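Mind the numbering: the sequence shown is residues 1 to 260 in full-length UniProt numbering, read in order.
Just so it is clear, CB atoms sit at the ideal spot from N, CA and C, and this is done for glycine as well.
Predicted model only: the values in this text are computed from it and were never measured.
Input: a single structure, listed below in structure tokens.
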Amino acid sequence: MANDADIKSKAARDKGAKEEGGVLETIKVVVQALLIALVIRTLLFQPFNIPSGSLIPTLLIGDYLFVSKYTYGYSKHSVPFSPPLFDGRVWAAEPKRGDIAVFKLPSDNSTDYIKRVIGLPGDRIQMINGILHINNVPVKRERIADYVTTDNWGRSTPVIQYRETLPNGVSHEIIEREGDTGTFDNTPVFLVPPGHFFMMGDNRDNSLDSRDRSVGFVPFENFVGRAEIIFFSIEDGASAWRVWEWPWTVRWNRLFSAIK
């Protein structure tokens with residue numbers, strides 16, 4: 001017949017085994033959750049936030065969005081840290097004119113950029129007096145109400161706004177902070193090479209894009225995905241972690257809005 005010491009020893013062993021099993025189960029759940037998150041981030045959707053105003057008025061500083069990874073297929077840049085697993089793309093589908101896409105900057109293959117697809121392989125792209133020309137044809141633009149933004153000193157200021165309609169019918173707003181006399185409002189002709197794309201921001205006078213040689217043409221392999229939906233948005237300069245300030249810092253009207 002077991003004495004009290006044996007009973008206590010067995011109880012202690014059972015308790016230790018139970019605690020050990022609980023820790024192992026917790027580790028297992030955490031690992032599984034991380035693997036699921038990695039699969040979702042790699043194959044389906046990846047979150048991004050907008051740090052600059054190059055796509056104003058379409059995307060604002062402080063917007064948080066989901067990018068679909070499957071839209072253009074997969075390359076090494078679909079995987080975190082871009083490991084050299086393979087070259088090119090698998091299950092590839094080329095970007096469409098007018099898409100807003102995230103890509104790796106060609107000069108370093110690591111910095112994330114987000115711009116609008118303007119030129120497809122073989123296109124001739126040129127800016128003449130602020131008007132976009134694709135294959136020698138001026139793109140239609142219509143003057144609409146001014147857009148109120150901030151200047152370099154943080155003051156509210158109205159700027160010229162147009163609705164631009166691309167050849168495939170995609171229509172979107174652009175702004176011209178400097179009218180039609182900005183740095184990139186008159187350019188040479190850019191002939192887009194095979195397998196590359198010409199990217200531009202909607203904030204035409206404040207966007208470092210394919211018009212500048214530091215960006216240039218973007219190889220198809222460098223595309224990460226297409227911007228799909230804004231899931232969160234907070235005023236420029238506000239802190240997302242200050243939950244108690246959300247009632248007046250969150251842009252509630254932008255939440256869960258599709259990106260066009």
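Taking 8 angstroms as the limit between beta carbons, can you name the residues of its chain near residue i, skipping five residues before and five after?
i	result
N109	H77, S82 and N222
S52	I61
Q32	none
Nearest to residue i by CA position, among the options, is which residue?
i	options	result
N129	P188, K96 and V90	P188
F66	G225, H133 and Q126	G225
R213	T157, G53 and F190	F190
P84	S207, E176, Y74 and A92	Y74
P219	D151, E94 and Q161	E94
T157	S171, E178 and A258	E178
G62	A258, K260 and F231	F231
P167	I229, V79 and I134	I134
W91	K104, P80 and Y72	Y72
I229	T149, I131 and I259	I259
T183	V192, T165, S207 and V29	S207
T181	I144, M127, G169 and R155	M127
D205	D151, L24, P80 and V79	D151
G154	D236, K96, N253 and L24	D236
A144	N186, N136, H172 and L132	As written in the sequence, residue 144 is Ile, which differs from the Ala given in the question. Checked all of N186, N136, H172 and L132; the closest Cα to I144 is H172.
K104	I125, R124 and P80	P80
Give me, in chain order, the residues of the same chain whose beta-carbon lies closer than 7 angstroms to that of residue i; leave out the 5 immediate sequence neighbours on both sides.
i	result
G216	P106 and S210
E142	Y162 and R163
M1	With a pLDDT of 49 at M1, under the threshold of 50, the modelled position of this residue cannot be trusted, and the question is left open.
T249	I234, E235 and A238
D123	I134, N135, V192 and F198
K245	Sequence inspection shows Glu at residue 245; the Lys mentioned does not correspond to that position. Counting only Cβ-Cβ distances below 7 angstroms, and skipping sequence neighbours, we find A238.
Pop quiz: residue i and residue j are said to be a contact at Cβ under 8 angstroms. What is the actual Cβ separation, rounded to whole angstroms?
i	j	result
V139	M199	V139 to M199, Cβ: 15 angstroms. No contact.
D112	F48	7 angstroms
K28	F45	With a Cβ gap of about 25 angstroms, K28 and F45 do not count as contacting.
V170	R97	6 angstroms
Who are the Cβ neighbours of residue i in its own chain at under 6 angstroms, not counting the five residues just before and after it?
i	result
I114	V102
L55	G201 and D202
P194	P121
A240	I234
Y147	P57, V159, Q161 and I175
D99	V117 and R226
F256	none
D87	none
L59	I50
D185	M127 and G130
R251	S233
T165	K140 and S171
R132	Reading off the sequence shown, one finds Leu at residue 132, where the question assumed Arg. Once the five neighbours on either side are set aside, the close Cβ partners of L132 are V139.
Residue i lies in the beta strand (DSSP E); which residues open and close that run?
i	result
T157	S156 to T165
T149	K140 to T150
P121	Run containing P121: none; DSSP gives neither H nor E here.
Y64	D63 to S68
V102	I100 to K104
F45	F45 to N49
residue 310	This structure does not reach residue 310, given that the chain is present from 1 up to 260, and the question cannot be answered.
H77	No beta strand (DSSP E) holds H77; DSSP gives it neither H nor E.
I134	I131 to I134
Following the continuous alpha helix (DSSP H) through residue i, name the residue where it begins and the one where it ends.
i	result
residue 272	This structure gives no information on residue 272, because the portion of the chain shown stretches from 1 to 260.
P247	W246 to T249
Taking CB distances under 9 angstroms as the criterion, tell me whether residue i reaches chain C.
i	result
V117	Looking at the structure shown, chain C is missing, and only one protein chain is on hand.
Shorter than 8 angstroms, the distance from the beta carbon of residue i to the closest heavy atom of the ligand NAD, or not?
i	result
A93	Judged by which ligands are present, the structure shown has none, so any question about the ligand NAD falls away.
Complete runs of the beta strand (DSSP E) confined to the region 189 to 238 [at least 3 residues]:
196 to 200 and 223 to 233
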